[in-house]
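Written out below as structure tokens is the structure these notes cover.
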Amino acid sequence: MTNTGAPIVFFDIAGPDAAKLKDFYASNFGWDIAPSNMIQTPQLQGTLRQDPPEKILYIGVTDLDAAMAKVKASGGTIETPKLPTPTGEQFVLFKDPAGNRMGMVGIKK
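Take any residue in the sequence shown, count from 1 to its spot, add 4: that is its number in our numbering.
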């Protein structure tokens with residue numbers, strides 16, 4: 005992927021049940037989440053907050069269909085059909101168990 009602008013350097017994801025969010029993101033995307041709710045991804049740090057749901061970020065996945073199925077199976081909902089990006093990938097918006105609207109982008113391996 006090419007850098008088309010300022011990178012996301014930190015993020016936070018909020019919801020009423022931080023423990024449920026921790027389980028959801030660790031199981032779906034393999035994120036390392038500390039007991040303090042700090043998140044370490046391969047390229048980005050973030051945090052979970054126990055607050056009203058908010059934030060959207062886009063997560064790259066190599067198999068969009070499989071990722072959509074896993075999100076649904078673990079308590080999330082898919083909110084849009086697959087839509088094209090300007091560079092030819094496809095993306096969907098989904099909601100996690102807390103109602104945060106997020107995105108997944110199918111990326112090439």
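By construction, the Cβ of each residue, glycine as well, lies at the ideal position given by its N, Cα and C atoms.
Let me confirm a value: residue i is counted as buried when at least 16 other C-beta atoms fall within 10 Å, else exposed. Which label applies?
i      : result
Ala38  : exposed
Gly34  : exposed
Leu25  : buried
Gly19  : buried
Leu87  : exposed
Ile43  : buried
Gly50  : buried
Asp100 : buried
Specify the secondary structure class of residue i as computed by DSSP and reduced to three states.
i      : result
Ala70  : helix
Ala18  : strand
Gly61  : Looking at the sequence shown, residue 61 is not Gly but Leu. Of the three classes helix, strand and coil, the one that applies to Leu61 here is coil, per DSSP.
Leu52  : strand
Lys76  : helix
Asp100 : coil
Pro39  : coil
Look at the Cβ atom of residue i, then the Cβ atom of residue j, and state whether they are nearer than 7 Å.
i      : j     : result
Ile111 : Gly64 : yes
Leu68  : Thr84 : no
Gln54  : Ala22 : yes
Phe15  : Leu52 : no
Would you please state the rounded distance, in angstroms, between the beta carbons of residue i and residue j? I believe it to be under 8 Å.
i      : j     : result
Gly103 : Phe28 : About 12 Å; that fails the 8 Å criterion.
Using DSSP bridges, identify the partner residues of residue i.
i     : result
Pro88 : Gln94
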